[in-house]
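Residue numbers (numbering that gives the first Met the number 0): 0 to 124. C-beta atoms are modelled at their ideal positions from N, C-alpha and C, and glycine is treated no differently.
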Amino acid sequence: MGTMSEHPTADALPEYAERVLDVADLIPPGRVMTYGDIAEWLGDGGPRQVGRVMTLYGGAAPWWRVVRSDGALLPGHELRALDHYREESTPLREASRGAEGHLPRLDMRRARWDGVTGGGGGAHT
DNA sequence: AGCGTGACGAGTA
DNA sequence: ATACTCGCCACGC
Numbered sequence: 000m001g002t003m004s005e006h007p008t009a010d011a012l013p014e015y016a017e018r019v020l021d022v023a024d025l026i027p028p029g030r031v032m033t034y035g036d037i038a039e040w041l042g043d044g045g046p047r048q049v050g051r052v053m054t055l056y057g058g059a060a061p062w063w064r065v066v067r068s069d070g071a072l073l074p075g076h077e078l079r080a081l082d083h084y085r086e087e088s089t090p091l092r093e094a095s096r097g098a099e100g101h102l103p104r105l106d107m108r109r110a111r112w113d114g115v116t117g118g119g120g121g122a123h124t
């Protein structure tokens, strides 16, 4: 950073992107957050804006933990994402019997992280 | 200015 | 279960 007349965006992410990535970085292994949840958590922007950030800067965060609300694997990275999920034991919903071409999807009911619980689990049944 | 596009989401058919 | 529509909003043409 040399002079004080440096360009603000020369080596820094846009502020919004930085906040999105910061939240993504908080998601514990084995859990996921949806684009919409992150937007709501930030209180700014919407799911499409979060998605845009992930498109541009997802490589700087655990991108596989930011998912669609329907639990679909990231198009174009399904196998890489699946590898991470199995590595982290993220809850998956196996495809129905016979559907071979279908990869599993995330079990959102169990994998969705609200940003509060630390994985304590237990609080149900 | 408009118009199409997208790592979205909810609703409807 | 899938397909389609509409609302959303930043970006690029």
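By the DSSP assignment, the alpha helix (DSSP H) with residue i in it spans what residues?
i: VAL22; result: 14-23
i: GLY45; result: Per DSSP, GLY45 belongs to no alpha helix (DSSP H) and is neither H nor E.
i: ALA110; result: 107-110
Determine the direct distance from the alpha carbon of residue j to that of residue i, and round the result to whole angstroms.
i: VAL115; j: ALA94; result: 30 Å
i: LEU25; j: VAL65; result: 11 Å
i: TRP112; j: PRO61; result: 14 Å
i: GLY58; j: ARG109; result: 25 Å
i: HIS123; j: GLY50; result: Only weak support is given to the placement of HIS123: the predicted model assigns it a pLDDT of 39, under 50, and the value that follows is read from those uncertain coordinates. Cα to Cα, HIS123 sits roughly 31 Å from GLY50.
i: GLY75; j: GLU14; result: 27 Å
i: MET3; j: ALA98; result: Any answer about MET3 is weak, because its pLDDT of 41 lies below 50 and its placement is not dependable; what the coordinates show is given next. Near 59 Å, if we compare the C-alpha coordinates of ALA98 and MET3.
Leaving out the 5 sequence neighbours to the left and right, which residues in its chain are closer than 8 Å to residue i when beta-carbon positions are compared?
i: ALA16; result: VAL52, LEU55 and TYR56
i: THR8; result: Interpretation of THR8 is limited by its pLDDT of 39, a score under 50 that renders its predicted location unreliable; no figure is taken from the coordinates.
So, for residue i: in the same chain, excluding its five sequence neighbours on each side, which residues have a beta-carbon less than 6 Å away from its beta-carbon?
i: LEU41; result: ARG18
i: MET107; result: GLY70
i: GLY44; result: ALA38
Quick one: measure Cβ to Cβ for residue i and residue j, integer angstroms, because I've assumed they're closer than 8 Å.
i: GLU86; j: LEU102; result: With a Cβ gap of about 16 Å, GLU86 and LEU102 do not count as contacting.
Residues in the same chain with beta-carbon distance under 7 Å from residue i, minus the five sequence neighbours each way, listed in chain order, please.
i: LEU72; result: ALA80, LEU81, LEU102 and ARG104
i: SER88; result: GLY29
Mapping the DSSP letters down to three states, classify residue i as helix, strand or coil.
i: THR89; result: coil
i: VAL115; result: coil
i: ARG30; result: coil
Any heavy atom of the ligand MN within a distance shorter than 7 Å of the CB on residue i?
i: PRO28; result: Questions concerning the ligand MN fall outside what the structure shown contains, since it holds no ligand whatsoever.
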